[in-house]
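There are 2 protein chains.
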Amino acid sequence: MRLLTRISDVQRALDKEREAGRRVGFVPTMGFLHEGHASLMRRARAENDVVFVSIFVNPLQFGANEDLAAYPRDLDSDLSLCETERVDVIFHPNVDEMYPDPNPFRVTVGEIGSKLCGRARPGHFDGVATVVAKLFNIAGPCRAYFGRKDAQQLVIIERLARALNFPVTVVGCDIVREPDGLAMSSRNIYLNGEERRAAVVLKRALDEAAAAIGSRERDARRIGNLMGSRISSEPLAKLDYAAVVDAETLEDLDRLDRPALLAVAAWVGKARLIDNTTVTPEGASSEGSS
Amino acid sequence: MRLLTRISDVQRALDKEREAGRRVGFVPTMGFLHEGHASLMRRARAENDVVFVSIFVNPLQFGANEDLAAYPRDLDSDLSLCETERVDVIFHPNVDEMYPDPNPFRVTVGEIGSKLCGRARPGHFDGVATVVAKLFNIAGPCRAYFGRKDAQQLVIIERLARALNFPVTVVGCDIVREPDGLAMSSRNIYLNGEERRAAVVLKRALDEAAAAIGSRERDARRIGNLMGSRISSEPLAKLDYAAVVDAETLEDLDRLDRPALLAVAAWVGKARLIDNTTVTPEGASSEGSS
Numbered sequence: 039m040r041l042l043t044r045i046s047d048v049q050r051a052l053d054k055e056r057e058a059g060r061r062v063g064f065v066p067t068m069g070f071l072h073e074g075h076a077s078l079m080r081r082a083r084a085e086n087d088v089v090f091v092s093i094f095v096n097p098l099q100f101g102a103n104e105d106l107a108a109y110p111r112d113l114d115s116d117l118s119l120c121e122t123e124r125v126d127v128i129f130h131p132n133v134d135e136m137y138p139d140p141n142p143f144r145v146t147v148g149e150i151g152s153k154l155c156g157r158a159r160p161g162h163f164d165g166v167a168t169v170v171a172k173l174f175n176i177a178g179p180c181r182a183y184f185g186r187k188d189a190q191q192l193v194i195i196e197r198l199a200r201a202l203n204f205p206v207t208v209v210g211c212d213i214v215r216e217p218d219g220l221a222m223s224s225r226n227i228y229l230n231g232e233e234r235r236a237a238v239v240l241k242r243a244l245d246e247a248a249a250a251i252g253s254r255e256r257d258a259r260r261i262g263n264l265m266g267s268r269i270s271s272e273p274l275a276k277l278d279y280a281a282v283v284d285a286e287t288l289e290d291l292d293r294l295d296r297p298a299l300l301a302v303a304a305w306v307g308k309a310r311l312i313d314n315t316t317v318t319p320e321g322a323s324s325e326g327s328s
Numbered sequence: 039m040r041l042l043t044r045i046s047d048v049q050r051a052l053d054k055e056r057e058a059g060r061r062v063g064f065v066p067t068m069g070f071l072h073e074g075h076a077s078l079m080r081r082a083r084a085e086n087d088v089v090f091v092s093i094f095v096n097p098l099q100f101g102a103n104e105d106l107a108a109y110p111r112d113l114d115s116d117l118s119l120c121e122t123e124r125v126d127v128i129f130h131p132n133v134d135e136m137y138p139d140p141n142p143f144r145v146t147v148g149e150i151g152s153k154l155c156g157r158a159r160p161g162h163f164d165g166v167a168t169v170v171a172k173l174f175n176i177a178g179p180c181r182a183y184f185g186r187k188d189a190q191q192l193v194i195i196e197r198l199a200r201a202l203n204f205p206v207t208v209v210g211c212d213i214v215r216e217p218d219g220l221a222m223s224s225r226n227i228y229l230n231g232e233e234r235r236a237a238v239v240l241k242r243a244l245d246e247a248a249a250a251i252g253s254r255e256r257d258a259r260r261i262g263n264l265m266g267s268r269i270s271s272e273p274l275a276k277l278d279y280a281a282v283v284d285a286e287t288l289e290d291l292d293r294l295d296r297p298a299l300l301a302v303a304a305w306v307g308k309a310r311l312i313d314n315t316t317v318t319p320e321g322a323s324s325e326g327s328s
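Taken in order, these protein sequences are the chains called A and B.
As numbered in this note's numbering, the first sequence has no gaps in its residue numbers, which increase by one up to the final residue, 328.
As numbered in this note's numbering, the second sequence has no gaps in its residue numbers, which increase by one up to the final residue, 328.
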């Protein structure tokens with residue numbers, strides 16, 4: 039396993055792999071790795087010849103009042119997890135290496151970046167799209183792996199790859215959860231014991247919505263309200279949104295007549311947590327969202 | 039020589055070349071090819087194994103009141119020029135192939151895109167950067183060739199490649215001129231006989247400025263005024279700008295104490311024409327623009 043900090047070293051290392059006909063699988067991360075990241079690495083390991091992992095806390099995707107400085111970091115532990123997962127190359131650049139220019143060019147994602155998490159985090163997805171475009175160009179991967187916990191991010195990256203014709207297959211991977219259902223996230227470290235127990239309310243809200251849909255509820259507003267009320271019933275949680283949207287376009291739905299993304303976001307203590315599930319209601323076409 | 043219209047066909051064709059270890063040289067064009075384009079192709083032919091030319095009039099880089107519909111097109115003549123220059127693959131997509139999504143993602147270039155031509159053409163360079171990013175991803179070139187006539191475009195594409203880490207060497211190629219000095223441009227076709235003779239005033243203004251600098255003039259405003267007055271003295275020309283800027287940053291200069299770009303733009307009849315030259319005043323460091 040090689041740890042590289044310079045862009046030119048990564049390009050040289052991976053050019054050599056590609057010239058030898060080996061396929062690169064890419065797992066972009068912000069470090070503080072957990073079992074969710076490990077599951078992406080295992081998928082990349084199974085499907086590619088070379089596994090490339092980036093560890094970079096990208097300042098461009100943090101707002102002025104967000105947790106950039108506090109974002110948890112633990113490189114030694116990250117390296118050990120990567121070693122276990124048989125990662126070949128790790129890229130861990132500093133901010134100057136990635137953004138030498140104070141006014142870097144941006145990849146902008148338009149309206150889809152203003153929905154859901156984008157409402158509370160203006161510019162966030164432009165920052166994500168920009169760093170992912172850079173990393174795609176640096177690594178030249180054949181496939182790139184993203185967790186479904188960041189559902190909006192996954193939709194946007196899939197669109198980015200199509201819109202700018204990156205020759206990369208974007209692979210979405212299932213959410214990995216703690217035994218009580220909480221979605222794994224590096225930000226869970228912010229939670230104290232009481233908050234940690236409270237945080238499971240996001241998953242519970244999604245489960246109740248899914249159960250209601252199983253009982254033939256099709257009114258999107260009622261489903262959204264159900265999730266919102268459940269989260270608001272938890273004194274330690276502060277609801278950001280509880281949304282029922284088209285799984286592809288992220289447009290608000292009135293009725294569940296197509297594959298839908300149920301998505302929730304809430305503050306629990308210092309942590310802004312998100313979770314989601316996708317449902318395809320019986321009788322809805324799974325290609326019906328065009 | 040192969041003429042392809044589908045992105046997937048280009049990717050398949052050029053993947054095969056790259057897998058065989060052959061380097062792709064890329065010449066992006068909007069067609070209606072002239073000797074300027076031919077000079078880019080010859081350079082690409084000399085420096086690469088495979089020469090790839092795109093012919094695409096990119097709607098994203100035209101403003102609402104610009105000449106998108108009128109922009110001259112002549113595919114047969116273009117193909118014949120490409121054949122002569124031993125081009126290997128031509129990509130000639132339609133607009134739907136390049137922009138299937140009505141709200142495509144954009145590459146935005148920031149402030150540098152608002153200077154010079156960007157003042158009269160807001161959004162133009164975002165449109166250029168977006169299509170070039172797409173074409174870089176589609177073609178995977180080793181080198182890409184751009185004419186220096188579009189000096190601001192060249193600076194912006196060089197920055198784009200660095201800012202988003204495209205693994206492409208951007209090569210700037212000298213302006214090719216008509217015998218009387220007019221810079222070759224597809225838009226010269228808009229000029230009638232009288233306008234064609236008047237159009238040489240842009241080059242004359244640049245020559246006079248260069249002569250003044252040769253005679254130790256170092257005041258940027260006086261040099262700009264000299265060029266502007268010369269162009270305004272031509273009744274058929276309507277000045278857009280006559281600028282003296284840092285050759286790398288495109289920031290306005292007060293004194294010529296570093297390599298400078300002298301750039302002019304004017305309307306002659308229906309044609310918006312541009313021209314430029316770079317000067318490094320004696321005694322100025324050629325690395326002095328940082």
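Where a beta carbon is used, it is the ideal one built from N, C-alpha and C, also for glycine.
Which residue marks the beginning of the alpha helix (DSSP H) containing residue i, and which one marks its end?
{"i": "A/S267", "result": "258-270"}
{"i": "B/R40", "result": "Where B/R40 is concerned, there is no enclosing alpha helix (DSSP H), although the beta strand (DSSP E) it sits in stretches over 40-42."}
{"i": "A/D139", "result": "No alpha helix (DSSP H) contains A/D139, which DSSP labels as neither H nor E."}
{"i": "A/I195", "result": "189-201"}
{"i": "B/E149", "result": "No alpha helix (DSSP H) contains B/E149, which DSSP labels as neither H nor E."}
{"i": "B/E73", "result": "73-85"}
Which residues bound the beta strand (DSSP E) around residue i?
{"i": "B/T146", "result": "144-146"}
{"i": "A/F330", "result": "Any question about residue 330 of chain A goes unanswered here, given that chain A covers just 39 to 328."}
{"i": "A/V239", "result": "Not the beta strand (DSSP E): A/V239 falls in the alpha helix (DSSP H), residues 239-252."}
{"i": "B/V127", "result": "127-129"}
Check the Cβ-Cβ distances between residue i and every residue of chain B, and say whether any is below 8 Å.
{"i": "A/G161", "result": "no"}
{"i": "A/I128", "result": "no"}
{"i": "A/T207", "result": "no"}
{"i": "A/P142", "result": "yes"}
{"i": "A/N203", "result": "yes"}
{"i": "A/D290", "result": "no"}
{"i": "A/N263", "result": "no"}
{"i": "A/G321", "result": "no"}
{"i": "A/E196", "result": "no"}
{"i": "A/N96", "result": "no"}
{"i": "A/N86", "result": "no"}
{"i": "A/A167", "result": "yes"}
{"i": "A/I176", "result": "yes"}
Does any residue of chain A bring its CB to less than 8 Å from the CB of residue i?
{"i": "B/V282", "result": "no"}
{"i": "B/S327", "result": "Note that B/S327 scores a pLDDT of 39, beneath 50, so its modelled location is shaky and nothing firm can be said."}
{"i": "B/A258", "result": "no"}
{"i": "B/V133", "result": "no"}
{"i": "B/V145", "result": "yes"}
{"i": "B/D139", "result": "yes"}
{"i": "B/K172", "result": "yes"}
{"i": "B/G74", "result": "no"}
Run through the DSSP bridge pairs and tell me what residue i is partnered with.
{"i": "A/S46", "result": "Answer by DSSP bridge pairing: none, since A/S46 is not bridged."}
{"i": "B/Y109", "result": "Answer is none; B/Y109 lacks a bridge partner."}
{"i": "B/N314", "result": "B/A301"}
{"i": "A/Y228", "result": "DSSP, once it has assigned bridges, lists no residue as partnering A/Y228."}
{"i": "B/T207", "result": "B/R181"}
{"i": "B/T67", "result": "B/I93"}
{"i": "A/D218", "result": "Partner(s): none; A/D218 has no beta bridge."}
{"i": "A/L277", "result": "A/A304"}
{"i": "A/V282", "result": "A/L300"}
{"i": "A/R60", "result": "According to DSSP, which records beta bridges pairwise, A/R60 is partnered with nothing at all."}
{"i": "A/A309", "result": "A/V306"}
{"i": "B/D290", "result": "B/V283"}
Can residue i and residue j be called in contact, C-beta distance under 8 Å?
{"i": "A/S224", "j": "A/M68", "result": "yes"}
{"i": "A/F184", "j": "B/L202", "result": "no"}
{"i": "A/F204", "j": "A/F163", "result": "no"}
{"i": "B/F64", "j": "B/R181", "result": "yes"}
{"i": "B/R80", "j": "B/E121", "result": "no"}
{"i": "A/L264", "j": "A/A247", "result": "yes"}
{"i": "B/I194", "j": "B/A177", "result": "no"}
{"i": "A/E73", "j": "A/V62", "result": "no"}
{"i": "B/A51", "j": "B/R40", "result": "yes"}
Got a sec: is the Cβ-Cβ distance from residue i to anything in chain C below 8 Å?
{"i": "A/A250", "result": "Among the protein chains in the structure shown, which are A and B, there is no chain C."}
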